[in-house]
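Count along the sequence shown from 1, add 22, and you get the number used in our numbering.
Cβ atoms here follow ideal geometry from the backbone N, Cα and C, with glycine treated the same way.
All values reported here derive from a predicted model rather than from experimental measurement.
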Amino acid sequence: MTTNHLTKAFTEVDFAEPHRARRKALLAAHPEVRALFGYDRRTAVVVAAVVALQLALAWGVQRAWEAAGGGAAAAAGLVALALLVGAVLAHWCAMGIHECSHDLAARTPLGNRLVSLLANVPVVVPAAMSFHRYHLEHHTYLGVRELDTDLAPAIEHRVIDNVAWRKLLVLLLFPALYLVRGLGFAQRPDRWELLNLALMIGVNALVVVLLGWPALAYLFLSFWFGHGVHPVAAHFVHEHYIWTAGQETYSYYGPLNRVTFNVGLHYEHHDLMNIPGWRLPELRRLAPEFYEGLVAHRSWTAILWRYVTDPRIGPYTRQVRSEATFRRTRAPERRPGPALEAAA
């Protein structure tokens, strides 16, 4: 193992990611956690409610804009609402998409795709089916250079270089950067991605026709804030950056888990991907010895502050392994899914 903690190079390791071995040990020690496996209908219900609320707020923004006759005050109110409320709702929808990518919101794969498309409706950008297609590769190839879809490319490392104002700029522009990163892994769009694109073009056009441009601007800013410099989006930084030497994944135990389907319980999620977010706290309760000794976060706001201001934290602050190391330590025969995860 080459330790280069919080400097200008990744921390290279010559061993496997920790979660596969932990999964086997955890299931052997606590077979009762298998009762937590499976989908949870509450996710679909909450997604529908959040989508309805976000669209209702977009309608309200449009009515307020028209009543005020536009202007600076109306624009400021639109931005403030998107930042304070809309961002949380847009991000909540995105976390619903994340749950669906693991088939945890409905009984069938088709049902999960449909819930995911519904969650995408107020998010403006057609992301649901692409996320559904590529996200599991992050779990399979955690920390593997050129294969982990969550690793920033080399150009980001060179440009950002652990400089505070550049890291702040990254957070401000993160939605665009995340989409650009995805292009590096993109393949020919499948029929679901094309359907997703057509759906969002139609939805956005309907918002403009039936409501107006201010309503669409509210939805877009909600998406942008909710995936950038906002506390709910801090999990993009907290999950796998090295906050203490030797630990590759981290959890967050704080109140914002209530509006993110417990995505903060990320160590638990990587250990057992086929447990819905609603039940991850129960996993931690049933197997406390697997989590009590791990470093965890209590504040996503503090994470954002430290990421920007600490010169030791930057895009290189990740633990990585080569593809050769991955192949040597684990040679998967097929993509991960509920059956494979349960068997592991």
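Point to revise | One or two residues paired with residue 341 in a DSSP bridge | key: 33
Check your understanding: Where does residue 235 land, buried or exposed, given buried means 16+ other C-beta within 10 angstroms?
Key -> exposed
Review point. Taking just the CA atoms, how far does residue 195 sit from residue 187?
Key: 12 Å
Point to revise | Exposure label - residue 54; buried when at least 16 CB within 10 Å | key: exposed
Check your understanding: Which term fits residue 325, buried or exposed, when burial requires 16 or more other beta carbons within 10 angstroms of its beta carbon?
Key -> buried
Review point. When burial is assigned at 16 or more other CB atoms within 10 Å of the CB, is residue 209 buried or exposed?
Key: exposed
Check your understanding: Near residue 219, which residues of its chain fall below 8 Å by C-beta distance, leaving aside the five closest residues on each side in sequence?
Key -> 148, 211
Practice item. Examine the Cβ distances between the region 335-345 and the region 305-318 and report whether three or more of them are shorter than 8 Å. Key: no
Check your understanding: How many angstroms separate the CA atom of residue 259 from the CA atom of residue 51?
Key -> 31 Å
Check your understanding: Is the distance from the Cβ of residue 150 to the Cβ of residue 139 below 7 Å?
Key -> yes
Check your understanding: Of all the options 33, 306, 330, 247, which has the alpha carbon lying nearest to the alpha carbon of residue 103?
Key -> 247
Check your understanding: From residue 121 to residue 86, what does the alpha carbon distance come to, in whole angstroms?
Key -> 34 Å
Check your understanding: Counting along the chain, where does the alpha helix (DSSP H) carrying residue 38 start and finish?
Key -> Element bounds for residue 38: n/a, residue is neither H nor E.
Review point. Pick from 82, 75, 204, 182: whose alpha carbon is nearest that of residue 159?
Key: 204
Check your understanding: Any chance the region 237-257 sits against the region 172-186, with 3 or more Cβ pairs inside 8 Å?
Key -> no
Check your understanding: Between the C-alpha atoms of residue 110 and residue 35, what's the straight-line distance to the nearest angstrom?
Key -> 36 Å
**Study point:** Buried versus exposed call for residue 185 [16 or more other C-beta atoms within 10 Å across all chains shown]
**Key:** exposed
Review point. Whole alpha helix (DSSP H) runs in the region 106-149 with 4 or more residues, listed along the chain?
Key: 109-123, 131-142
**Study point:** Within 7 Å, strictly: CB atoms of residue 73 and residue 143
**Key:** yes
Practice item. For residue 273, name the three-state secondary structure that DSSP assigns. Key: strand
Exercise for review: Can you tell me which of the three DSSP states residue 12 falls into?
Suggested key: The structure shown does not extend to residue 12, since the chain is modelled only from 23 through 366, so no value can be given for it.
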